[in-house]
Amino acid sequence: MSDPLPSPVNVTPPEGWRISALHDPFEAYVGPLFERTDSGGARLFSFIADARHVDETGAVHEGMLMTFADAFLGGAANRAAGGDCVTLSMQASFLAEAHAGDLIECRTQVDRVTRAVVFVFGRFSVGGADVATATSLWKVLGAR
Amino acid sequence: MNPSPVDTSGFGAYAGPVLRTESGGAFEFEIESRHLNGADRLHGGMMMALASIVLGQVAKETARARAPDAQAKPLSLNCDFVSAGERGDKVEGRAQVTRATRTVLFISGELRVGTRILMTATGVYAIKGQDAA
């Protein structure tokens, strides 16, 4: 695997988080993004919203939330399938607003893995309160 | 009048620019290196971000037509990835109002390169602030 791509902005990871190694230019561009493993072994992901991520009302833009979702629900799909996946479909529900300065966390859940398709759910929260959910379908590359 | 940028918010400007065509009927976006994934295709997150800007702009304009201070807030966005985009592609976006109730907007749209569809998308938006006007 090539070296991780740098992000244009330096942000210190919060206590307990490490910088996620990103290989997609657009993810590095909106990053840095963070990850950690919880006590149960689940991988969690996060980013700290800043002025680059908000809409004209100051709320985190839904396009940024879906970019974050695509990055890490896709990572969960890749690990579940044991190979690269591409997005087929994603639906996101926006439950509450997040704002600049918020640490937005993502927890993923793989609902089903077939030979060709992976079903992944994601839940996004700030300080323990949900701000969005996403359901997604992924195509396993090379599978017939 | 030249094409003018829409959604010049922090994220809209940073991910974009997304332009409105002169006639106002469509949106334009050119895929640059920073918009790609590790396979040199348009990143899925950026494709959804573009759909969110195109559908969101139509939703905002519909809300503002009700009351100048009214806002359209996204409740749900569904995006289907029909085909891939590549660096240098000029993506055209279109969206229309499927139904507008007093409090909710249903918007549908698509992204294309030429005649090839990249993404179809539907969004549901809440109209906020129209009663204050």
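Taken in order, these protein sequences are the chains called A and B. Count along the first sequence starting at 1, add 22, and that's the number in the working numbering. Count along the second sequence starting at 1, add 33, and that's the number in the working numbering. Built from N, CA and C at the ideal position, the CB exists for glycine as well.
Cβ shell of residue i (< 7 Å), same chain only, five flanking positions each side left out
i: P36 of chain B; result: L52, R53, T54, E55 and E61
i: R74 of chain B; result: A117, G118 and E119
i: R40 of chain A; result: F56, E57 and R58
i: M152 of chain B; result: M80, A84, C112, D113, F114, V115, E143 and L144
i: N100 of chain A; result: D106 and C107
i: A82 of chain B; result: A48
i: H68 of chain B; result: L75, H76 and M79
i: A133 of chain B; result: T95
Range covered by the beta strand (DSSP E) that runs through residue i
i: P107 of chain B; result: Q104 to F114
i: D152 of chain A; result: A151 to V162
i: T130 of chain A; result: L125 to V135
i: E49 of chain A; result: That residue, E49 of chain A, is in no beta strand (DSSP E); its alpha helix (DSSP H) goes P47 to V52.
i: T59 of chain A; result: F56 to T59
i: R145 of chain B; result: V137 to V146
i: G118 of chain B; result: Per DSSP, G118 of chain B belongs to no beta strand (DSSP E) and is neither H nor E.
i: S147 of chain A; result: V139 to V148
i: P38 of chain B; result: S37 to V39
Coil, strand or helix - residue i by DSSP
i: Q90 of chain B; result: helix
i: A165 of chain B; result: Here A165 of chain B scores only 49 on pLDDT, less than 50, and its place in the model should not be relied on; the value that follows carries that caveat. Correct three-state label for A165 of chain B: coil.
i: L66 of chain A; result: strand
i: P50 of chain B; result: coil
i: H121 of chain A; result: strand
i: T131 of chain B; result: strand
i: L95 of chain A; result: helix
i: A96 of chain B; result: helix
i: R67 of chain B; result: helix
i: E125 of chain B; result: strand
i: L110 of chain A; result: strand
i: A84 of chain B; result: helix
i: L87 of chain A; result: helix
i: A59 of chain B; result: coil
i: G45 of chain B; result: helix
i: A71 of chain A; result: coil
i: G77 of chain B; result: helix
Anticipated Cβ contact below 8 Å, residue i with residue j, distance rounded
i: H83 of chain A; j: S42 of chain B; result: 7 Å
i: L125 of chain A; j: P54 of chain A; result: At roughly 12 Å, the Cβ-Cβ gap does not stay under 8 Å, so L125 of chain A and P54 of chain A are not in contact.
i: P28 of chain A; j: A64 of chain A; result: That belief does not hold up - the Cβ atoms of P28 of chain A and A64 of chain A are roughly 27 Å apart, past 8 Å.
i: S147 of chain A; j: L108 of chain B; result: The Cβ separation is near 18 Å, so there is no contact.
i: I160 of chain B; j: A96 of chain B; result: 5 Å
i: T130 of chain A; j: V142 of chain A; result: 6 Å
i: A93 of chain A; j: V132 of chain A; result: Incorrect: roughly 16 Å between the Cβ atoms, too far for contact.
i: R127 of chain B; j: A59 of chain B; result: 5 Å
i: V52 of chain A; j: M86 of chain A; result: 7 Å
i: A122 of chain A; j: D152 of chain A; result: Not confirmed; about 19 Å, so no contact.
i: L88 of chain B; j: G156 of chain B; result: 4 Å
i: I86 of chain B; j: V39 of chain B; result: 7 Å
i: A43 of chain A; j: P26 of chain A; result: 4 Å
Close beta carbons around residue i, own chain, < 8 Å, minus the five adjacent residues each side
i: S111 of chain A; result: S158 and L159
i: A165 of chain B; result: Below a pLDDT of 50, predicted positions are generally treated as unreliable, and A165 of chain B, at 49, falls in that range; the measurement from the model is reported next regardless. Excluding residues within five positions, the ones whose Cβ falls inside 8 Å are A100 and D102.
i: E127 of chain A; result: L66, F67, S68, F146, S147 and V148
Same chain, Cβ closer than 6 Å to residue i, five either side skipped, listed in chain order
i: T59 of chain A; result: R65
i: D77 of chain A; result: H83
i: D122 of chain B; result: I64 and V146
Residue range of the alpha helix (DSSP H) that includes residue i
i: G105 of chain A; result: Unbroken run through G105 of chain A: none, as it is neither H nor E.
i: V33 of chain A; result: Premise fails: V33 of chain A is in no alpha helix (DSSP H) and is neither H nor E.
Using a Cβ-Cβ cut-off of less than 7 Å, list which residues of the region 55 to 88 of chain B approach chain A; keep chain order.
Across the region 55 to 88 of chain B, CB contacts with chain A closer than 7 Å involve S66, R67, H68, L69, N70, G71, H76, G77, G78, M79, M81, A82, S85 and I86, in sequence order along the chain.
Contact residues within the region 67 to 88 of chain A, judged by C-beta distance below 7 Å to chain B
When CB distances to chain B are screened at a threshold of 7 Å, the residues of the region 67 to 88 of chain A falling below it are A73, R74, H75, V76, D77, E78, T79, H83, E84, G85, M86 and M88, in chain order.
Which of the residues in the region 36 to 51 of chain B, read from start to end, lie with their CB under 8 Å from any CB of chain A?
So the close ones are D40, T41, S42, G43, F44, G45, Y47 and A48.
Could you please tell me which residues of the region 92 to 115 of chain A, in chain order, have their CB closer than 9 Å to any CB of chain B?
From the region 92 to 115 of chain A, only D92, A93, G96, D106, V108, T109, L110, S111, M112, Q113, A114 and S115 have a Cβ closer than 9 Å to chain B.
Listed from N- to C-terminal order along the chain, which residues in the region 37 to 53 of chain A have their beta-carbon within a distance smaller than 8 Å of any beta-carbon of chain B?
Under the 8 Å Cβ criterion, the region 37 to 53 of chain A contributes H45, D46, P47, F48, E49, Y51 and V52.
Check distances from the C-beta atoms of the region 143 to 165 of chain B to those of chain A and list, in chain order, the residues that come in under 7 Å.
For the region 143 to 165 of chain B, no residue has a beta-carbon sitting nearer than 7 Å to a beta-carbon of chain A.
Can you pull out the residues from the region 103 to 119 of chain B whose beta carbon lies closer than 7 Å to at least one beta carbon of chain C?
The structure shown contains no chain C; the protein chains it does contain are A and B.
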